Amino acid sequence: MSSTSNAMKFTLRIWRQKGPKDSGKLVDYKVDDIIPEMSFLEMLDVLNEKLAAEGKDPVAFDSDCREGICGTCGLVINGIAHGPLAGTTTCGLRMRHFRSGDVITIEPFRADSFPIIKDLVVDRTAFDRIVQAGGYVSFNTGSAPDANSVLVSKDASHDSMDAATCIGCGACVAACPNASAHLFTGAKVYQFAKIPQGQPERDQRVLNMITTHDKEGFGDCSNHGECEAVCPKQINIKTIAQMRRDYLVASLRT
Amino acid sequence: MPYELIMGDTELDSKVPDGPIDQKWTLYKQNAKLVLPANKRKYTIIIVGTGLAGASAAATLGELGYKVKSFCIHDSARRAHSVAALGGINAAKNYQNDGDSVWRLFYDTVKGGDFRAREANVHRLAEVSLNIIDQAAAQGVPFAREYGGTLANRSFGGAQVSRTFYARGQTGQQLLYGAYGSFSRQVHEKNVTLYNNREMLDLVVKDGKARGIITRNLITGEVERHAGHAVLLCTGGYGTIFYLSTNAVNSNGTAAWRCHKRGAFFANPCYTQIHPTCIPQAGDFQSKLTLMSESLRNDGRVWVPKKKGDDRHPNDIPDEERDYYLERRYPAFGNLVPRDIASRAAKKACDEGYGVGPTKRAVYLDFKSAIQRMGEDAVRERYGNLFEMYEEITGEDPYKVPMRIYPASHYTMGGLWVDYNLMTTIPGLHCLGEANFSDHGSNRLGASALMQGLSDGYFVIPYTLGNYLAQHQPHDELTTDTPEFEAAEKNVADNLKKLMEIGGERTPQDYHRELGKIVWNYVGMSRDEEGLKKAITDIRELRKDFWSNLKVTGVNEEFNKNLEFAGRVADYLELAELMAIDALFREESCGGHFREEYKTEAGEARRNDEDFCYVAAWEWNGDPTKPKLNKENLTFENVKLAQRSYK
Ligand SMILES: Cc1cc2nc3c(=O)[nH]c(=O)nc-3n(C[C@H](O)[C@H](O)[C@H](O)COP(=O)(O)OP(=O)(O)OC[C@H]3O[C@@H](n4cnc5c(N)ncnc54)[C@H](O)[C@@H]3O)c2cc1C
Ligand code: FES
Chain A
1 MSSTSNAMKF
11 TLRIWRQKGP
21 KDSGKLVDYK
31 VDDIIPEMSF
41 LEMLDVLNEK
51 LAAEGKDPVA
61 FDSDCREGIC
71 GTCGLVINGI
81 AHGPLAGTTT
91 CGLRMRHFRS
101 GDVITIEPFR
111 ADSFPIIKDL
121 VVDRTAFDRI
131 VQAGGYVSFN
141 TGSAPDANSV
151 LVSKDASHDS
161 MDAATCIGCG
171 ACVAACPNAS
181 AHLFTGAKVY
191 QFAKIPQGQP
201 ERDQRVLNMI
211 TTHDKEGFGD
221 CSNHGECEAV
231 CPKQINIKTI
241 AQMRRDYLVA
251 SLRT
Chain B
1001 MPYELIMGDT
1011 ELDSKVPDGP
1021 IDQKWTLYKQ
1031 NAKLVLPANK
1041 RKYTIIIVGT
1051 GLAGASAAAT
1061 LGELGYKVKS
1071 FCIHDSARRA
1081 HSVAALGGIN
1091 AAKNYQNDGD
1101 SVWRLFYDTV
1111 KGGDFRAREA
1121 NVHRLAEVSL
1131 NIIDQAAAQG
1141 VPFAREYGGT
1151 LANRSFGGAQ
1161 VSRTFYARGQ
1171 TGQQLLYGAY
1181 GSFSRQVHEK
1191 NVTLYNNREM
1201 LDLVVKDGKA
1211 RGIITRNLIT
1221 GEVERHAGHA
1231 VLLCTGGYGT
1241 IFYLSTNAVN
1251 SNGTAAWRCH
1261 KRGAFFANPC
1271 YTQIHPTCIP
1281 QAGDFQSKLT
1291 LMSESLRNDG
1301 RVWVPKKKGD
1311 DRHPNDIPDE
1321 ERDYYLERRY
1331 PAFGNLVPRD
1341 IASRAAKKAC
1351 DEGYGVGPTK
1361 RAVYLDFKSA
1371 IQRMGEDAVR
1381 ERYGNLFEMY
1391 EEITGEDPYK
1401 VPMRIYPASH
1411 YTMGGLWVDY
1421 NLMTTIPGLH
1431 CLGEANFSDH
1441 GSNRLGASAL
1451 MQGLSDGYFV
1461 IPYTLGNYLA
1471 QHQPHDELTT
1481 DTPEFEAAEK
1491 NVADNLKKLM
1501 EIGGERTPQD
1511 YHRELGKIVW
1521 NYVGMSRDEE
1531 GLKKAITDIR
1541 ELRKDFWSNL
1551 KVTGVNEEFN
1561 KNLEFAGRVA
1571 DYLELAELMA
1581 IDALFREESC
1591 GGHFREEYKT
1601 EAGEARRNDE
1611 DFCYVAAWEW
1621 NGDPTKPKLN
1631 KENLTFENVK
1641 LAQRSYK
């Protein structure tokens, strides 16, 4: 790549860890020729191609859609999950938000329930198990009534969608001092609590999902609100409040 | 003789049932053989992929009682690239009372595909579209609604009715989460077992039937054997063959290609879709291109300056000095012409010197009239997230300055050949979703891929798979201890070792980037004989270089992205040649396949129904330079073949 007049350079302080059982450490790398339009991950691509060319082991990180919707990417950048820009995933963050010459610290999403696989890649399958416990409407394919036979108000649908937009990236857990996954779980519970289709299983859903959440080793929520601040989809913590109310009601009823 | 056409001698039987077009599927279902409920759990079905096609198939087959083994390359099933679909899903519900019907959706899709799809499949798709919306609504998918609580619709290209259902600009995400929910319920019920972080690297064929797969565990590098009574391939399209595309960086053609090498025919590889509205490339560093949904063409107007090389700021160019070229050239459909037409028109404008922006490879998509008509808030309500995405990437505010857009690789109509049962030329191997070639002919209409993936998975395969198993596949005891598994596993392990040991200088990404340029330049939006021959020669050279000068860092026994990519690029280096060969021998223009030699005086695609009204189903012949062509002739009994007009 040719050097351009607006090229930026950085010192990257990156968490390197060979495997789940190894201990890791922060290692410094230098990159230059970074242009402001690059995304954060494209900047890491540049580093990795450089490392590969030198015969060194590239930094392991994961990504897929690179447009903020699949939830695969996720790095803690200078101490903040997904970096300094609110409402953005790591892949959506552009280098123009940094100043040339900065030292940037890059770490994985840390939590006991997210074991590190390698370098910046963590295992988030605990989220899948929370969903498996009840994050759906139970019915068999083919038995659905005509879509317009169940009316859903525009507001309810909107509200439900605001929660359903969660991409399951795990930033909420990484940011929480208790490593709680209440925002993730709350968003699912809330999505269904607001619409008619979610009512028949409402009690069972919240009970089972919270039980699994706890069993997976995620912590409890103590209202720090860090999760909401880093959430790339800006899921509101009112979803957690709703989940707690539902949990209470469901516990009393069963 | 590098460009000689070799003909195969396979009679392709599409197995389309008898009867009038609107009765075929009903009659099929009535006559299909069934598997006894108690026997279903004795069958193990391998499903590769957890996108809309794979997740819906796994959920539904699990509900029916089959034992499903599901595989994906992601850490979670929820991350399949279907999650990125923006604009919407079609269904012939006619909720708007604007004259829609199953027939009209069928007709639009056949015409949109430029008369290169199989009529019976498309009609079934249109019929089933109704059930998909019911299914998704019952799952709680938060579709857009009217104030009265009913479902809302928007319009998409290639249709004169409003039949597209949507969930903001995140329709794919919400439909996938719906399917993933049903899928997760079956995992909970222990009918489905998920093998995440697994890449399928070979198919195991025994006694002529698909009986298993070989995977690599992407975390540990372990090569594994999995046996089943049938295999469903739901691995998505090969749009990343262009390197830059709107697809995810891990999207690949590997699973389909490895099945091709085991005997599954590959149909119409040259039918690829270049989407007209993507954010233009900003530099060489770029790893992917971002789509701006087609839904934007509902309210955005496409234009370029009337004067060549006009460098004025777009807001300083008065209306009478702008050429709204789609509205001018296609008054009946205006900005909502199908994708292939809109893409070529943008290319033409730029080729002729009317392009805008720093690279001059862009046209404007302007929302000024829409903002004046309905106000900024209404525009925000409809497209807010897309506008934000645009602003974050380009640093420009589309509420104030028109967007700059340019076409990019987006979707592949080509894929594994399947019959009406969605079965490939290998008995037992089925192919669903974007990975097959089936329903979109040579051009897919917007909002029809989500429809097809879910149709295949929820509503078609449960019938056709049962029909196959009941007649052709007993629930015999499964074992991976066979010479076929042994050989396939060795094939995979040897191949991985070979990639690791080349020890050259260039990274897989470097090769991919170069391949992408060849494919984009010569097998992209417009093609001609000379360019295609050059592409074939260049691809062969690049492939040779790859196998002598590739460098893969790290080791096999760990999380190693470089090794993953190397295998995928190796396959693309073969598939790209087949794309070019297919394009070379299709001496006509149709849909996404535009040959400069074959166009009308007005510059539109000129089909040749006399000689090319067939599906080109390519057969692996031991070497990427010598594929064999088999033809499935297409007959149109219900729709009259006509020159496609959107004027
Ligand atoms: C940006 C974008 C926007 C779009 N918008 C729309 C829209 O608005 N409307 C519409 O109708 N269509 C849209 N499309 C097209 C549509 O999203 C896709 O065609 C469709 O979702 C494909 O679904 P699928 O299930 O076939 O494959 P995918 O969703 O791509 O899933 C592929 C699956 O296969 C797995 N896999 C791949 N290779 C392997 C392997 N070797 N081994 C194991 N597993 C493997 C992956 O992990 C994944 O689970 C859009 C596409 C893009 C890229
Ligand atoms: S890579 Fe998909 S959200 Fe970032």
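Taken in order, these protein sequences are the chains called A and B.
Everything in the first sequence is counted per the numbering used here, starting at 1 for the first residue and increasing by one.
Everything in the second sequence is counted per the numbering used here, starting at 1001 for the first residue and increasing by one.
We put the CB at the ideal spot given by N, CA and C, even for glycine.
None of these values were measured; they are calculated from a predicted model.
Minimum Cβ-Cβ distance from residue i to chain A less than 7 Å
i                  : result
Gly-942 (chain B)  : The first residue shown for chain B is 1001 and the last is 1647, placing residue 942 (chain B) beyond what the model contains.
Ala-1038 (chain B) : no
Glu-1392 (chain B) : yes
Val-1068 (chain B) : no
Ala-1378 (chain B) : no
Asp-1100 (chain B) : no
Phe-1559 (chain B) : yes
Met-1001 (chain B) : Note on Met-1001 (chain B): pLDDT 43, under 50, position unreliable in the model; no value is reported.
Thr-1553 (chain B) : yes
Glu-1063 (chain B) : yes
His-1188 (chain B) : yes
Leu-1237 (chain B) : Here residue 1237 (chain B) is Gly; the residue named in the question, Leu, does not match the sequence. No, its Cβ sits nowhere closer than 7 Å to a Cβ of chain A.
Tyr-1147 (chain B) : yes
CB-CB length for residue i against residue j, believed under 8 Å
i                  : j                  : result
Arg-1339 (chain B) : Cys-1350 (chain B) : In fact, because the Cβ distance is near 17 Å, the residues do not count as touching under 8 Å.
Leu-1584 (chain B) : Lys-1533 (chain B) : 7 Å
Gln-17 (chain A)   : Asp-119 (chain A)  : 6 Å
Cys-172 (chain A)  : Ala-181 (chain A)  : 7 Å
Val-1569 (chain B) : Met-1500 (chain B) : The pair is not a contact, with the Cβ atoms about 14 Å apart (cut-off 8 Å).
Ala-1255 (chain B) : Thr-1235 (chain B) : 4 Å
Gly-1554 (chain B) : Asp-102 (chain A)  : Wrong, their Cβ atoms sit about 29 Å apart, outside the cutoff.
Leu-1465 (chain B) : Ala-1210 (chain B) : With a Cβ gap of about 12 Å, Leu-1465 (chain B) and Ala-1210 (chain B) do not count as contacting.
Leu-1496 (chain B) : Ala-1576 (chain B) : Contact flag wrong, Cβ pair sits at about 22 Å.
Ser-138 (chain A)  : Arg-1185 (chain B) : 6 Å
Thr-72 (chain A)   : Arg-1644 (chain B) : About 39 Å; that fails the 8 Å criterion.
Gly-1592 (chain B) : Val-1337 (chain B) : Their Cβ separation, rounded to whole angstroms, is 14 Å, which puts Gly-1592 (chain B) and Val-1337 (chain B) out of contact at 8 Å.
Residue i CB to nearest heavy atom of ligand 2 below 6 Å
i                  : result
Gly-83 (chain A)   : no
Thr-1026 (chain B) : no
Arg-1344 (chain B) : no
Ser-63 (chain A)   : yes
Arg-66 (chain A)   : yes
Gly-71 (chain A)   : yes
Cys-91 (chain A)   : yes
Below-7 Å beta-carbon distance, residue i vs any chain B residue
i                 : result
Gln-132 (chain A) : yes
Met-1 (chain A)   : Low per-residue confidence applies at Met-1 (chain A): pLDDT is 39, beneath 50, and the placement is therefore not dependable enough to give any value.
Thr-72 (chain A)  : yes
Ala-7 (chain A)   : no
Met-161 (chain A) : yes
Phe-40 (chain A)  : no
Gly-92 (chain A)  : yes
heavy atom of ligand 1 below 6 Å from residue i C-beta
i                  : result
Asn-1252 (chain B) : yes
Glu-1434 (chain B) : yes
Val-121 (chain A)  : no
Thr-1109 (chain B) : no
Phe-1652 (chain B) : For residue 1652 (chain B) there is no data in the structure shown, the boundaries of chain B being 1001 and 1647.
Neighbour flag for residue i against chain D, beta carbons, 7 Å
i                  : result
Val-1192 (chain B) : Included in the structure are the protein chains A and B, with no chain D among them.
**Prompt:** In chain order, which continuous runs of the beta strand (DSSP E) of length 3 or greater are located wholly inside the segment 1460–1539 of chain B?
**Reply:** Counting only runs of 3 or more, we get nothing.
**Message:** Could you tell me which whole beta strand (DSSP E) segments of length 3 or greater appear in the segment 149–233 of chain A?
**Reply:** Correct list: empty.
**Item:** Every unbroken beta strand (DSSP E) within the segment 1212–1298 of chain B, with a cutoff of 3 residues, ordered by chain
**Value:** 1223–1227, 1230–1233, 1272–1278
**Request:** Within the segment 1360–1419 of chain B, note down every full alpha helix (DSSP H) run reaching 4 residues or more, in order along the chain.
**Result:** Listed in chain order, they are 1368–1394.
**Request:** Jot down the residue ranges of each uninterrupted beta strand (DSSP E) in the segment 1030–1060 of chain B, minimum 3 residues, whole runs only, in chain order.
**Result:** 1044–1048
**Message:** Report the start-end ranges of each beta strand (DSSP E) in the segment 1121–1158 of chain B that is 3 residues or longer and not cut off at the edges.
**Reply:** none
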